[in-house]
Amino acid sequence: MQGILKLDVAGRPRGWLSLQEAISAYARGDVVYGIGDALPTVYGGTQRLTGLRSSLTLQPIIALDGRVFDNFTPPLSNRTLFRRDDHRCLYCGNQFSKQELTRDHVIPTSRGGSNEWENLVAACKRCNWQKDCRTPEEAGMPLLAVPFRPNEYEWHFLARERVLADQMEYLSSQFRADRQWAH
Ligand SMILES: [Zn+2]
Numbered sequence: 135m136q137g138i139l140k141l142d143v144a145g146r147p148r149g150w151l152s153l154q155e156a157i158s159a160y161a162r163g164d165v166v167y168g169i170g171d172a173l174p175t176v177y178g179g180t181q182r183l184t185g186l187r188s189s190l191t192l193q194p195i196i197a198l199d200g201r202v203f204d205n206f207t208p209p210l211s212n213r214t215l216f217r218r219d220d221h222r223c224l225y226c227g228n229q230f231s232k233q234e235l236t237r238d239h240v241i242p243t244s245r246g247g248s249n250e251w252e253n254l255v256a257a258c259k260r261c262n263w264q265k266d267c268r269t270p271e272e273a274g275m276p277l278l279a280v281p282f283r284p285n286e287y288e289w290h291f292l293a294r295e296r297v298l299a300d301q302m303e304y305l306s307s308q309f310r311a312d313r314q315w316a317h
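Here this note's numbering runs 134 ahead of the position in the sequence shown, where the first position is 1.
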């Protein structure tokens, strides 16, 4: 189902809404502004008194009233981590399916490595096994890219399989220049 990108009033991405959630936000009067080409009109029930059918035109990005938070901690999951690395093993460079990839700790946890974005990469099972409990230097397996913590624009893109053109344009304006995600 199509998702609506939710922003705070400052324009920062704050989640994905279902169509129903977006309609409720309009009904509550919480939508401060919308961005992007109108989506196909959504029709509601017929009003008994007027005989008119209610309808609503949604935009793909909406900013909701409410508090603005400065901090954003991108939730970590294998799905978003593998998407960050373009489903590529960062040791051998080959692309794999989700099932064939593993979460590799660059500095192994047994050596004090953290379970954070900056210390995690996608790795195929073979490379993960070969690297074992060693650092890339010790294993002679240099990383093909530096693992990073996605900002809120990048994370909202990674968290969603289907993104509309207007949403992609909005989010990608704040992507790091060296990421090649816009395909
Ligand atoms: Zn590999």
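Ideal placement from N, C-alpha and C gives every residue a C-beta, glycine not left out.
For this session: State whether the segment 214-226 contacts the segment 247-258, with contact taken as three or more CB pairs (one from each stretch) at a distance under 8 Å.
Result: These segments touch.
For this session: Run the proximity test for N212: is its beta-carbon closer than 7 Å to any non-hydrogen atom belonging to ligand 1?
Result: Position 78 of the sequence shown, counted from the start, is the residue given in the question as residue 212. Outside the cutoff, so no.
Exercise. Which partner residues does L254 have in the DSSP bridge list?
Worked result: The residue you call residue 254 lines up with position 120 of the sequence shown. H239.
Problem set entry | I138 - DSSP class collapsed to helix/strand/coil | Numbered from its first residue, the sequence shown carries residue 138 at position 4. DSSP, read as helix, strand or coil, puts I138 in strand.
Exercise. Within 10 angstroms of its Cβ, does C267 collect 16 or more other Cβ (buried), or is it exposed?
Worked result: Working through the sequence shown from its first residue, we reach residue 267 at position 133. Residue environment: C267 is assigned as exposed (fewer than 16 neighbouring CB atoms within 10 Å of its CB, all protein chains considered).
For this session: Spatial neighbours of G170 within its chain, please: CB distance less than 6 Å, with the 5 preceding and 5 following residues excluded, ordered by chain position.
Result: The sequence position of residue 170 within the sequence shown is 36, counting from 1. Only Q193, P194, I195 and D300 meet the Cβ criterion.
For this session: Can you give me the Cβ contacts of D164 inside the same chain, cut-off strictly under 6 Å, excluding the 5 residues immediately before and after it?
Result: For the purposes of this step, residue 164 is taken as the residue at position 30 of the sequence shown. Excluding positions up to five away in sequence, the list reads L198 and D199.
Problem set entry | Length at least 4, wholly inside the segment 174-239: the alpha helix (DSSP H) runs in chain order | DSSP assignment within the segment 174-239 yields the following whole alpha helix (DSSP H) runs of 4 residues or more, N-terminal first: 212-218.
Exercise. Using a Cβ-Cβ cut-off of 6 Å (strictly less than) and excluding sequence neighbours within five positions of G178, which residues of its own chain qualify?
Worked result: In the sequence shown, residue 178 corresponds to position 44, counting from 1. S188.
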